[in-house]
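Trainee: Sharing a structure, written as structure tokens. Questions coming.
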Amino acid sequence: MNLPQEVRYRAYTDWSTDEIAKINDNVKQSPWHASYHIEPKTGLLNDPNGFSFFNGKYTLFYQNWPFGAAHGLKEWVHTESDDLVHFHETGAELRPDTKHDSHGAYSGSAYEIDGKLFLFYTGNVRDENWVRDPLQIGAWMDKDYNITKCEDVLIHQPSDVTEHFRDPQIFNYKGQFYAIVGAQSLDKSGFVKLYKAVDNNVENWEEVGNLDFGGTGSEYMIECPNLVFVDEKPVLLYCPQGLDKSELNYDNIYPNTYKVCQAFDTANAKLVGASEIQNLDYGFEAYATQGFNAPDGRTLIVSWIGLPDVDYPTDKYDYQGAMSLVKELSIKDGKLYQYPVEAITSLRAESENFAAKAETNNTYELELQFPANQKSEILLFADGKGNGLSLTVDTKDGKIILDRSKAGVQYATEFGTTRECSIDPKETSANIFVDNSIIEIFINKGEKVFTSRVFPEEGQNGIQIKSGEPTGTYFELKY
Ligand code: FRU
Numbered sequence: 001m002n003l004p005q006e007v008r009y010r011a012y013t014d015w016s017t018d019e020i021a022k023i024n025d026n027v028k029q030s031p032w033h034a035s036y037h038i039e040p041k042t043g044l045l046n047d048p049n050g051f052s053f054f055n056g057k058y059t060l061f062y063q064n065w066p067f068g069a070a071h072g073l074k075e076w077v078h079t080e081s082d083d084l085v086h087f088h089e090t091g092a093e094l095r096p097d098t099k100h101d102s103h104g105a106y107s108g109s110a111y112e113i114d115g116k117l118f119l120f121y122t123g124n125v126r127d128e129n130w131v132r133d134p135l136q137i138g139a140w141m142d143k144d145y146n147i148t149k150c151e152d153v154l155i156h157q158p159s160d161v162t163e164h165f166r167d168p169q170i171f172n173y174k175g176q177f178y179a180i181v182g183a184q185s186l187d188k189s190g191f192v193k194l195y196k197a198v199d200n201n202v203e204n205w206e207e208v209g210n211l212d213f214g215g216t217g218s219e220y221m222i223e224c225p226n227l228v229f230v231d232e233k234p235v236l237l238y239c240p241q242g243l244d245k246s247e248l249n250y251d252n253i254y255p256n257t258y259k260v261c262q263a264f265d266t267a268n269a270k271l272v273g274a275s276e277i278q279n280l281d282y283g284f285e286a287y288a289t290q291g292f293n294a295p296d297g298r299t300l301i302v303s304w305i306g307l308p309d310v311d312y313p314t315d316k317y318d319y320q321g322a323m324s325l326v327k328e329l330s331i332k333d334g335k336l337y338q339y340p341v342e343a344i345t346s347l348r349a350e351s352e353n354f355a356a357k358a359e360t361n362n363t364y365e366l367e368l369q370f371p372a373n374q375k376s377e378i379l380l381f382a383d384g385k386g387n388g389l390s391l392t393v394d395t396k397d398g399k400i401i402l403d404r405s406k407a408g409v410q411y412a413t414e415f416g417t418t419r420e421c422s423i424d425p426k427e428t429s430a431n432i433f434v435d436n437s438i439i440e441i442f443i444n445k446g447e448k449v450f451t452s453r454v455f456p457e458e459g460q461n462g463i464q465i466k467s468g469e470p471t472g473t474y475f476e477l478k479y
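Heads up, the sequence shown is in UniProt numbering, so the first residue is 1 and it goes up one at a time.
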């Protein structure tokens, strides 16, 4: 939603209790609230931030402008979880309240060090002429959720980077702390800078170099770069804005992509043996995916179900955006898989054999098998009048198609109303998680993923089988 700059950058302390109560009331009016996904209390949720393990629990902050469905003065809102399925807000927030983050506590990461959580993030600072100075800054959160900001800027804008320099990710590789930061070069192409903590002091960073991951620079900016390790293989997750479509086909306004690499040469800032660039998700919206290597050995990621510069039907209710399920990464036969963490099965309640259903509560999981050599089409969010979200699984020609053109309230149609990807032409499975206005589809246990919003109208809650003979189970989900 377009709101004037003076509204979006109004100080948090200037919003009256009445104004806040009104926003709260408006958010409650929405018919589209998710039941088992994280949504913002109010306002706009965007990137996952500070995804980490701290004090025996999982920590996940979300980027938020709390006063409406727009990108304004951003803060981080803290949530935590024991099982990566049930999250709750603790009340802790990283507010934009110092001279080093005066125009927003932008995205970043976190790492537990000596009993405290180190937050590494971008302080968005603008001067009176609205000229930006992007600062990489830090803060410490203790076990009682008190946040103390570091006094000094940790990394200033380097001379070979424009004002687009943000989203530091801290990670530990073989006992040494590193960070990567998304950047735009002076000739306006995207790249990633690699830093190293001097003497492993995370308040003291030196540049190693520009990360060589075999990028072409056809994008104009790389946001939210994340380096995680799966079976010791480095996987770079990143958002190359404006990426040339001859390099990778994508339909969303901005893509979220990855490369699987063979080794990390820290001395030369190089990801050795980087694969071709690939789409992380084939749905209508998944962005700013953040990952980390958890202490129990799992590689975990979570995505923003939303996109920058897109208006959503929930905007009129003063909120926008949701977090995806937490997904675990694995590599099988050289391919990257993403699948919800095992604990997601704890949401399963009553189950029945999969069949058409006139009505559901739009909160369920389907575990389906699509036989080989067949084109199947099912309609979800169906109203019996031909409307619904169409999923075609074609195991003959090897194709998955998701068609949103008849599903609920239409939006962002300028980016097309279908999404598709290819699969091997053989028997195929799909686990489909529906949560009122969210759908996450995992083909072959995460070989391909489609993450999307759907905003059903009243009565759009059925399941129809239009063709083919998919079999499987319908699970009601209870949070
Ligand atoms: C990505 C992003 C980040 C930035 C944040 C600001 O969605 O643009 O690059 O830090 O959002 O909210």
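Cβ coordinates follow ideal geometry from the N, Cα and C atoms, glycine included.
Pull up the DSSP beta-bridge partners for Arg126, would you.
Mentor: Taking the first residue of the sequence shown as position 1, residue 126 is located at position 126. DSSP output for Arg126 lists Arg132 as bridge partner(s).
Trainee: Would you give the residue range spanned by the alpha helix (DSSP H) that Arg10 belongs to?
Mentor: Residue mapping note: residue 10 aligns to position 10 of the sequence shown, counting from 1. Where Arg10 is concerned, there is no enclosing alpha helix (DSSP H), given that its DSSP letter is neither H nor E.
Trainee: Can you list the residues near the ligand FRU, meaning Cβ strictly closer than 7 angstroms to any non-hydrogen atom, in the order they appear in the chain?
Mentor: Asn46, Asp47, Gln63, His71, Lys74, Gly104, Tyr106, Ser107, Thr122, Arg166, Asp167, Gly182, Glu223, Cys224, Cys239, Tyr287, Ala288, Trp304, Pro308
Trainee: Assuming Glu19 is part of the alpha helix (DSSP H), what are its boundary residues?
Mentor: Translated into the one-based positions of the sequence shown, residue 19 becomes position 19. Its alpha helix (DSSP H) spans residues 17-28.
Trainee: Below 8 angstroms between beta carbons: does that hold for Asp160 and Ser185?
Mentor: Here the question's residue 160 lines up with position 160 in the sequence shown. Here the question's residue 185 lines up with position 185 in the sequence shown. Against a cut-off of 8 angstroms, the Cβ pair of Ser185 and Asp160 comes out as a contact.
Trainee: Going residue by residue through the stretch 65-116, where are the continuous beta strand (DSSP E) segments of at least 3 residues, counting only ones entirely within it?
Mentor: Taking 3 residues as the shortest admissible run, the stretch 65-116 contains the following complete beta strand (DSSP E) segments, listed from N- to C-terminal end: 75-81, 87-94, 105-113.
Trainee: Nearest-angstrom Cα distance between Phe67 and Thr42?
Mentor: On the sequence shown, residue 67 is found 67 positions in, with the first residue counted as 1. On the sequence shown, residue 42 is found 42 positions in, with the first residue counted as 1. So the two alpha carbons sit approximately 7 angstroms from each other.
Trainee: Less than 7 angstroms between C-beta atoms, sequence neighbours within five positions excluded: which residues of the same chain meet that for Tyr220?
Mentor: The residue labelled residue 220 in the question sits at position 220 within the sequence shown. Gln184, Lys188, Ser189, Gly190, Gln241, Gly242, listed in sequence order.
Trainee: Starting from the Cα of Ala372, find the closest Cα among Thr363, Asp394, Glu359, Leu389 and give me that residue.
Mentor: Within the sequence shown, residue 372 is the residue found at index 372, counting from 1. The candidate whose alpha carbon is nearest that of Ala372 is Asp394.
Trainee: How big is the Cα-Cα spacing for Asn461 and Leu347?
Mentor: Locating residue 461 in the sequence shown gives position 461, where the first residue counts as 1. Locating residue 347 in the sequence shown gives position 347, where the first residue counts as 1. Their Cα atoms are separated by approximately 20 angstroms.
Trainee: Answer with buried or exposed for Ser422, where buried requires no fewer than 16 other C-beta atoms within 10 angstroms of its C-beta.
Mentor: The residue given as residue 422 occupies position 422 in the sequence shown. Looking at its Cβ environment, which holds fewer than 16 other Cβ atoms inside 10 Å, Ser422 is exposed.
Trainee: Should Thr363 be labelled buried (16 or more other beta-carbon atoms within 10 Å of its own) or exposed?
Mentor: Locating residue 363 in the sequence shown gives position 363, counting from the first residue. Buried, since its Cβ has 16 or more Cβ neighbours within 10 Å.
Trainee: Between which two residues does the beta strand (DSSP E) containing Met221 stretch?
Mentor: Counting from one through the sequence shown, the residue named residue 221 turns up at place 221. Note, Met221: beta strand (DSSP E), 221-230.
Trainee: Quick one: Cα of Asp244 to Cα of Ala286, how far?
Mentor: Residue 244 sits at position 244 when you count from the first residue of the sequence shown. Residue 286 sits at position 286 when you count from the first residue of the sequence shown. Going by the C-alpha atoms only, they are around 19 angstroms apart.
Trainee: Taking Ala274 as the reference, which of Arg95, Glu112, Leu236 has the closest Cα?
Mentor: For this step, residue 274 is matched to residue 274 along the sequence shown. Ala274 has its Cα closest to that of Leu236, out of Arg95, Glu112, Leu236.
Trainee: Can we say the stretch 118-130 touches the stretch 160-176, given the rule of at least three CB pairs closer than 8 angstroms?
Mentor: yes
Trainee: In chain order, what residues of the same chain have a beta carbon less than 7 angstroms from the beta carbon of Gly209, not counting five sequence neighbours either side?
Mentor: The count along the sequence shown starts at 1 and reaches residue 209 at position 209. Correct list, in chain order: Leu194, Ala269.
Trainee: Report the CB separation of Tyr94 from Phe51 in whole angstroms; it is logged as a contact under 8 angstroms.
Mentor: To locate residue 94, count along the sequence shown from 1; it is residue 94. To locate residue 51, count along the sequence shown from 1; it is residue 51. Residue identity differs from the one stated: residue 94 is Leu in this sequence, not Tyr. Here Leu94 is actually not in contact with Phe51; their C-beta atoms are around 14 angstroms apart, not less than 8 angstroms.
Trainee: Quickly, what does DSSP pair Val449 with across the bridge? List them, please.
Mentor: Numbered from 1 along the sequence shown, position 449 holds the residue referred to as residue 449. Phe442.
Trainee: Check for me: the beta strand (DSSP E) holding Ile463 runs from which residue to which?
Mentor: In the sequence shown, residue 463 corresponds to position 463, counting from 1. Segment 462-467, the beta strand (DSSP E) holding Ile463.
Trainee: Do you know offhand how far residue 488's Cα is from Leu44's?
Mentor: Lying before the first or after the last residue shown, residue 488 is absent from the chain, which here runs from 1 to 479.
Trainee: Please classify Gly72 as buried or exposed, where buried requires at least 16 neighbouring CB atoms within 10 angstroms.
Mentor: Taking the sequence shown and counting its residues from 1, one reaches residue 72 at position 72. By the neighbour-count rule (16 or more Cβ atoms within 10 Å), Gly72 is buried.
Trainee: Where does Thr345 land, buried or exposed, given buried means 16+ other C-beta within 10 angstroms?
Mentor: Locating residue 345 in the sequence shown gives position 345, where the first residue counts as 1. Exposed is the call here.
Trainee: Select from Glu39, Asp47, His37 the residue whose C-alpha is nearest the C-alpha of Gly291.
Mentor: The residue given as residue 291 occupies position 291 in the sequence shown. Out of Glu39, Asp47, His37, Asp47 has the C-alpha closest to the C-alpha of Gly291.
Trainee: So which of Tyr106, Thr428, Val272 has the shortest CA-CA distance to Glu367?
Mentor: Locating residue 367 in the sequence shown gives position 367, counting from the first residue. When each option's Cα is compared against that of Glu367, the closest is Thr428.
Trainee: From the DSSP output, which residues share a beta bridge with Thr418?
Mentor: Against the sequence shown, residue 418 aligns to sequence position 418. Paired residues: Asp403.
Trainee: Secondary structure at Thr314, three-state DSSP: helix, strand or coil?
Mentor: Your numbering for residue 314 matches position 314 in the sequence shown. Reduced to three states, the DSSP call for Thr314 is helix.
Trainee: Run through DSSP, which three-state label would Ile147 get?
Mentor: In the sequence shown, the residue the question calls residue 147 occupies position 147. It is a strand residue.
Trainee: Where DSSP assigns a beta bridge to Tyr254, which residues make up the other side?
Mentor: Stepping through the sequence shown from its first residue, residue 254 is reached at position 254. According to DSSP, Tyr254 bridges with nothing at all.
Trainee: Could you tell me which of Ser109, Glu163, Gln278, Gly138 sits nearest to Thr98, measuring between CA atoms?
Mentor: Along the sequence shown, one-based indexing puts residue 98 at 98. Considering only alpha carbons, the answer is Gly138.
Trainee: With a threshold of 16 other CB atoms inside 10 Å of the CB of Trp130, please say whether the residue is buried or exposed.
Mentor: Indexing the sequence shown from 1 puts residue 130 at position 130. Exposed, since its Cβ has fewer than 16 Cβ neighbours within 10 Å.
Trainee: Starting from Thr216, trace the beta strand (DSSP E) both ways and give me its first and last residue.
Mentor: Position 216 of the sequence shown, counted from the start, is the residue given in the question as residue 216. Thr216 -> no beta strand (DSSP E), and no H or E assigned at all.
Trainee: Using CA atoms only, rank isn't needed, just tell me which of Thr266, Glu6, Met323, Tyr145 is closest to Phe87.
Mentor: Here residue 87 refers to the residue found at position 87 of the sequence shown. Checked all of Thr266, Glu6, Met323, Tyr145; the closest Cα to Phe87 is Met323.
Trainee: Beta-carbon of Gly138 versus every beta-carbon of chain B: anything under 8 angstroms?
Mentor: The chain labelled as chain B is not found in the depicted structure, where only one protein chain is given.
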